[in-house]
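Basically the working numbering = 1-based index in the first sequence + 4.
Just so it is clear, CB atoms sit at the ideal spot from N, CA and C, and this is done for glycine as well.
In what follows, a single structure is set out as structure tokens and then discussed.
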Amino acid sequence: MLEKTYRPAEVEEKHYRLWEESGAFAADTTSNARPYTIMMPPPNVTGSLHMGHALTFTLQDLLIRYQRMRGKDALWQPGTDHAGIATQMVVERNLSAEGKTRHDLGRDRFIDKVWEWKAESGGTITRQLRRLGASPDWGKERFTMDEGLSKAVRKVFVELHRQGLIYKDKRLVNWDPKLHTAISDLEVEQREIKGNLWHFRYPIEGEEGRWIVVATTRPETMLGDTGVAVHPEDERYRDLIGKHVVLPLVGRRIPIVADEYADPETGSGAVKITPAHDFNDFEVGKRCGLEAINIMDRDARLTDAVPEAYRGLDRYEARKKVVADLEALGLLETIEPHTHMVPHGDRSGVAIEPWLTDQWYVDAATLAKPAIEAVESGRTVFVPKQWENTYFEWMRNIQPWCISRQIWWGHQIPAWYGPDGTVFVEETEEEAQARADAHYGAPTPLTRDADVLDTWFSSALWPFSTLGWPDRTPELARYYPTDVLVTGFDIIFFWVARMMMMGIHFMGDVPFRTVYIHALVRDEKGQKMSKSKGNVMDPLDLIESYGTDALRFTLAAMAAQGRDIKLATNRVEGYRNFATKLWNAARYCQMNACVPVDGFRPTGLTQTVNRWIVGELAETARKVAESIEAYKFNEAAGTLYQFTWGTFCDWYLEFTKPILTGNDAPAAAETRATTALVLDQILHLLHPLMPYITEELWEQLAEGRANRLISAAWPEYGPELVDTAARDEMDWVVRLISSVRSMRSEMNVPPSAQIPLMLKDAGAVSLKRLDTHRDQILRLARLASAEPLAGDVPKGAVQDVLDEVTLVLPLEGVVDLDKERARLTKEIEKHTAEIRKIDAKLGNEQFVAKAPEEVIEEQRERRATAQQASDKLRKALEMLAR
RNA sequence: GGGCGAUUAGCUCAGCGGUAGAGCGUCUCGUUUACACCGAGAAUGUCGGGGGUUCGAUCCCCUCAUCGCCCA
Numbered sequence: 005m006l007e008k009t010y011r012p013a014e015v016e017e018k019h020y021r022l023w024e025e026s027g028a029f030a031a032d033t034t035s036n037a038r039p040y041t042i043m044m045p046p047p048n049v050t051g052s053l054h055m056g057h058a059l060t061f062t063l064q065d066l067l068i069r070y071q072r073m074r075g076k077d078a079l080w081q082p083g084t085d086h087a088g089i090a091t092q093m094v095v096e097r098n099l100s101a102e103g104k105t106r107h108d109l110g111r112d113r114f115i116d117k118v119w120e121w122k123a124e125s126g127g128t129i130t131r132q133l134r135r136l137g138a139s140p141d142w143g144k145e146r147f148t149m150d151e152g153l154s155k156a157v158r159k160v161f162v163e164l165h166r167q168g169l170i171y172k173d174k175r176l177v178n179w180d181p182k183l184h185t186a187i188s189d190l191e192v193e194q195r196e197i198k199g200n201l202w203h204f205r206y207p208i209e210g211e212e213g214r215w216i217v218v219a220t221t222r223p224e225t226m227l228g229d230t231g232v233a234v235h236p237e238d239e240r241y242r243d244l245i246g247k248h249v250v251l252p253l254v255g256r257r258i259p260i261v262a263d264e265y266a267d268p269e270t271g272s273g274a275v276k277i278t279p280a281h282d283f284n285d286f287e288v289g290k291r292c293g294l295e296a297i298n299i300m301d302r303d304a305r306l307t308d309a310v311p312e313a314y315r316g317l318d319r320y321e322a323r324k325k326v327v328a329d330l331e332a333l334g335l336l337e338t339i340e341p342h343t344h345m346v347p348h349g350d351r352s353g354v355a356i357e358p359w360l361t362d363q364w365y366v367d368a369a370t371l372a373k374p375a376i377e378a379v380e381s382g383r384t385v386f387v388p389k390q391w392e393n394t395y396f397e398w399m400r401n402i403q404p405w406c407i408s409r410q411i412w413w414g415h416q417i418p419a420w421y422g423p424d425g426t427v428f429v430e431e432t433e434e435e436a437q438a439r440a441d442a443h444y445g446a447p448t449p450l451t452r453d454a455d456v457l458d459t460w461f462s463s464a465l466w467p468f469s470t471l472g473w474p475d476r477t478p479e480l481a482r483y484y485p486t487d488v489l490v491t492g493f494d495i496i497f498f499w500v501a502r503m504m505m506m507g508i509h510f511m512g513d514v515p516f517r518t519v520y521i522h523a524l525v526r527d528e529k530g531q532k533m534s535k536s537k538g539n540v541m542d543p544l545d546l547i548e549s550y551g552t553d554a555l556r557f558t559l560a561a562m563a564a565q566g567r568d569i570k571l572a573t574n575r576v577e578g579y580r581n582f583a584t585k586l587w588n589a590a591r592y593c594q595m596n597a598c599v600p601v602d603g604f605r606p607t608g609l610t611q612t613v614n615r616w617i618v619g620e621l622a623e624t625a626r627k628v629a630e631s632i633e634a635y636k637f638n639e640a641a642g643t644l645y646q647f648t649w650g651t652f653c654d655w656y657l658e659f660t661k662p663i664l665t666g667n668d669a670p671a672a673a674e675t676r677a678t679t680a681l682v683l684d685q686i687l688h689l690l691h692p693l694m695p696y697i698t699e700e701l702w703e704q705l706a707e708g709r710a711n712r713l714i715s716a717a718w719p720e721y722g723p724e725l726v727d728t729a730a731r732d733e734m735d736w737v738v739r740l741i742s743s744v745r746s747m748r749s750e751m752n753v754p755p756s757a758q759i760p761l762m763l764k765d766a767g768a769v770s771l772k773r774l775d776t777h778r779d780q781i782l783r784l785a786r787l788a789s790a791e792p793l794a795g796d797v798p799k800g801a802v803q804d805v806l807d808e809v810t811l812v813l814p815l816e817g818v819v820d821l822d823k824e825r826a827r828l829t830k831e832i833e834k835h836t837a838e839i840r841k842i843d844a845k846l847g848n849e850q851f852v853a854k855a856p857e858e859v860i861e862e863q864r865e866r867r868a869t870a871q872q873a874s875d876k877l878r879k880a881l882e883m884l885a886r
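Shown next as structure tokens:
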């Protein structure tokens, strides 16, 4: 016998272990089944499970379990990425606790430390994924720093370099002065900073007492100014173009140039140009032939390129001093408070310094072209479609991708330099050496490029590197391209776009047919969850409190397309209750010996109620499958919730109680078999959403199952199971019972009072239905009898209308007549309002002329129904008149 | 500044050219042998404002307002 309530903690671990040990998660490369593949977006190896993970992996697991049950050879490819900067930071933090830096260890020993750390702590997130019930093929788990994946990275780098699509260039990069590395545009976040706009006077050369005012948010950069720009159309400065100013504090003679970058509306209209420390200024400098003077070092301290007084100052100290010194010289015109966006490193949180360095770049614009075309032509489809715009927008304006990082943890760039700086890019040191020796004509010592690649460079190869590329493995042939990528919109640029570029370039086909973009999970007030706000909900806490299935069901139920999820714990609680409801329904079935009958086919059933529930089941199965395949997870969840609770538990189980305890043995047997079948099928349908409770019930409800639910077949029924006559009939019974219950409740008839029901004007069909279902009706409406009314309606009766029938509850002496009059009046008003509305429509010539026939017919029918009801109710009201 | 999205019951959200829905919450009733993490019943909406298209608009179009996100 099942326990009284479901206790998730007691079964989750057991089932997960059994699933994994039985090989249920593993894809079968040799099978004849059609493959279905999802590439798990590899979580960061330093990460731990947050709500966003819980959502994305729940949805992926739902899809995988569903397709697995549909008989596909389902591959959900798991793994983690090495998160270069984040991981290095973690390990460096640990070292600093011992008072050491990575430089104390040296590169090799530091890398060993990182691997040690990974072995100890890198498995956190994959362990947590297991608690979520995720069912990826763990045997195929990959890590971006694995040997195989590293080989893929080297090969891609070398090939792209040969094709001229990777190159080294000296450009301004986003330099992180704290982490001492370049980062890509995407790793920079703009933060709003309250600062100032300082207006400085730059004296014009040769014109005593005349100056030009420039405005800047970064005074310290003026030490590297090599020009002043004004708009060519700006009348105020026209005569100054071509002249020079003498840069204060420095004494450098710098030109005034005309460039449209200077905005006459902003500040003074003149702008100082520091080509080496500002992206816009860099472009102006290039256009106007200005020198780029690098005045900062890797820590963003001033170099020897500035006057001695400023050397070695941090950029913010330098700012203060520059302002003070200019003020002392009378060259500070005004200070204007100014709020502006300042780029910050997303990992370090410090302001980024545009810095002129040599870095490796990918020619993203070239690779983007076919990736854009693939989405335009529909070879890859975004769901919801609107995200294609985001993708196009970024891809069409894509900048060169800076891929080199000045850190140690990552794929070291396979480039070696000869003594004269000649670069040899090869997959191995041996090949590079051979090339170099040939080049120089003698054995020549080489130095390897010290930089590593952006982590996303290796992630971009994930859809094929995990399958064995560059080797031509059976997995690669079978599972690429994958079916769907499931991820959040925040990762479209970082990852989706880059996988598209690399996949198409190296595999000749898109990496996935569909990209499903889901929502972000927010707190119940709609705010993004963050540690600093203290509003994070830990999925593991929710799992502790409510069980994994409740969390999963909640996330799926709230995953409506194109909308963020505001998660409140009471929703999770509600779905925990749903799990308990299911559990108790199963317990009831067990108590009533409703066990699955081998070979039982739900066709040719004798009991209307059984034909009805089987039809509803078939409809539910169809709708759920349809919803999942359309990525409408909320609909799938809603349909299942409604059917399980609202139809099966609330009505079917109640309807069949009299049959189970009655004398008709064949009917009882049929009903037991049907009940067991429907419950069993509910477990199947719910399994992708609630794997644990369904597996547990499946195990407990029958002895000696040949397999586990995870490996069972998805229910597929044809439309022949849907019996519309049975549906109409049961619908009538439901409406009758509801009506009686409502009258009783409104008239305050105690639930314990068994009263008679009389049916006035009942037609043959209604009378037959009444006879068939009398037992159910008496029980569920708590009636003493239900008979056709012969003769007049008794005095003081309560009445309601059900199609052509008037339902009569003789309650003389019990009824509060005023209350009943009020109730009837209200009902009548409802119907007459309806009639009025319909008459207005039908009286409109245009409507009758232009609306489709079936709409007009429907209106006529509705009018007739309302008219009938209101007539009958009016009669009932008249009878109550004194 | 450009783009996207949202605005529906007290709350969280579905829906959608032709009866406005769910869950939670609220109120009333309930020791019916699966379930109080339950059952029965009830109340609650000018579907953000204003225009337009249409026989008909919560839904399509325009506009305004408010909020959120992304990009500059």
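ask   = In this structure, does DSSP put glutamine 437 in helix, strand or coil?
value = helix
inquiry  = Between the alpha carbons of leucine 524 and alanine 561, how many angstroms are there, rounded?
reply    = 14 Å
Nearest candidate by alpha-carbon position, reference phenylalanine 204, set Gly800, Leu336, Asp362 and Thr607 = The shortest C-alpha separation from phenylalanine 204 is found at Leu336.
query = Among Arg840, Phe286, Leu828 and Val490, which one has its Cα closest to the Cα of methionine 883?
reply = Leu828
ask   = Count the other CB atoms within 10 Å of the CB of tryptophan 119; is the residue buried (16 or more) or exposed (fewer)?
value = Label assigned to tryptophan 119: exposed.
request  = Just the C-alpha distance for tryptophan 23 and phenylalanine 29, rounded to the nearest angstrom, thanks.
outcome  = Distance from the CA of tryptophan 23 to the CA of phenylalanine 29, rounded to the nearest whole angstrom, comes to 7 Å.
Candidates His522, Asp487 and Leu555, of which the one nearest leucine 571 by Cα = Leu555
Every unbroken alpha helix (DSSP H) inside the region 611–650 [4 residues or more] = 612–633 and 637–645
key: Sub-8 Å separation of threonine 307 and lysine 174 beta-carbons   = For threonine 307 and lysine 174, no; Cβs fall outside 8 Å.
Reduced DSSP category for isoleucine 402 - H, G, I as helix; E, B as strand; rest coil = Isoleucine 402 falls in the coil class under three-state DSSP.
ask   = Straight-line CA distance for leucine 99 to alanine 90?
value = Just so you know, the alpha carbons of leucine 99 and alanine 90 end up roughly 14 Å apart.
request  = Kindly give me the distance between the Cβ atoms of histidine 165 and leucine 371, rounded to whole angstroms, as I take these residues to be in contact under 8 Å.
outcome  = So it is not a contact: roughly 13 Å between Cβ atoms.
ask   = Can you name, in chain order, every residue of its own chain whose Cβ lies under 8 Å from the Cβ of aspartate 568, other than the five neighbours on each side?
value = Ala523, Leu524, Val525, Arg526 and Gly530
ask   = Just curious, the alpha helix (DSSP H) that glycine 88 is in, first and last residue?
value = 88–101
task = Using three-state DSSP, classify glutamate 849 as helix, strand or coil.
result = helix
task = Taking tryptophan 121 as part of the alpha helix (DSSP H), name the residues at either end of that continuous run.
result = From DSSP, the alpha helix (DSSP H) with tryptophan 121 extends over 111–125.
query = Going by the beta-carbon positions, is the gap between phenylalanine 516 and aspartate 487 smaller than 8 Å?
reply = yes
Straight-line Cα distance separating glutamate 16 from aspartate 765 = 57 Å
Closest Cα partner of glutamate 224 within the set Ala304, Ile216 and Phe61 = Out of Ala304, Ile216 and Phe61, Ala304 has the C-alpha closest to the C-alpha of glutamate 224.
task = Spatial neighbours of lysine 799 within its chain, please: CB distance less than 8 Å, with the 5 preceding and 5 following residues excluded, ordered by chain position.
result = Glu816 and Met883
message = Taking a contact to mean a Cβ-Cβ separation below 8 Å, would you say glutamate 357 touches proline 181 in this structure?
response = yes
ask   = Is it right to say alanine 837 is buried, meaning 16 or more other beta carbons lie within 10 angstroms of its own, or is it exposed?
value = exposed
Cβ shell of arginine 400 (< 8 Å), same chain only, five flanking positions each side left out = Ala372 and Ile376
message = By the DSSP assignment, the beta strand (DSSP E) with tyrosine 365 in it spans what residues?
response = Unbroken beta strand (DSSP E) run through tyrosine 365: 357–366.
ask   = Under the rule that 16 or more other beta-carbon atoms within 10 Å means buried, what is glutamate 733, buried or exposed?
value = buried
query = Run through DSSP, which three-state label would lysine 764 get?
reply = strand
query = Nearest-angstrom Cα distance between proline 82 and alanine 706?
reply = 33 Å
ask   = So, is methionine 503 buried or exposed, given that buried needs 16 or more other C-beta atoms within 10 angstroms?
value = buried
key: Span of the beta strand (DSSP E) around isoleucine 170   = 170–180
inquiry  = Taking the straight line between their C-alpha atoms, what separation do you get for aspartate 93 and alanine 641?
reply    = Reading off the sequence, residue 93 comes out as methionine, not aspartate. One C-alpha to the other measures close to 41 Å.
request  = Tell me, please, whether the region 323–341 touches the region 213–229 by the rule of three or more beta-carbon pairs shorter than 8 Å.
outcome  = yes
key: Nearest to alanine 583 (by Cα), restricted to the options Thr776, Tyr10 and Arg315   = Tyr10
DSSP bridge partner residues for valine 261 (one or two, in chain order) = Looking at the DSSP assignment, valine 261 forms a beta bridge with Ala233.
task = Can you tell me the Cβ-Cβ gap for phenylalanine 493 and threonine 394, rounded? I've got them flagged as a contact below 8 Å.
result = 7 Å
key: Segments of 4+ residues assigned as alpha helix (DSSP H) that fall wholly inside the region 27–95   = Counting only runs of 4 or more, we get 55–73.
task = Would you please state the rounded distance, in angstroms, between the beta carbons of methionine 43 and leucine 489? I believe it to be under 8 Å.
result = 6 Å
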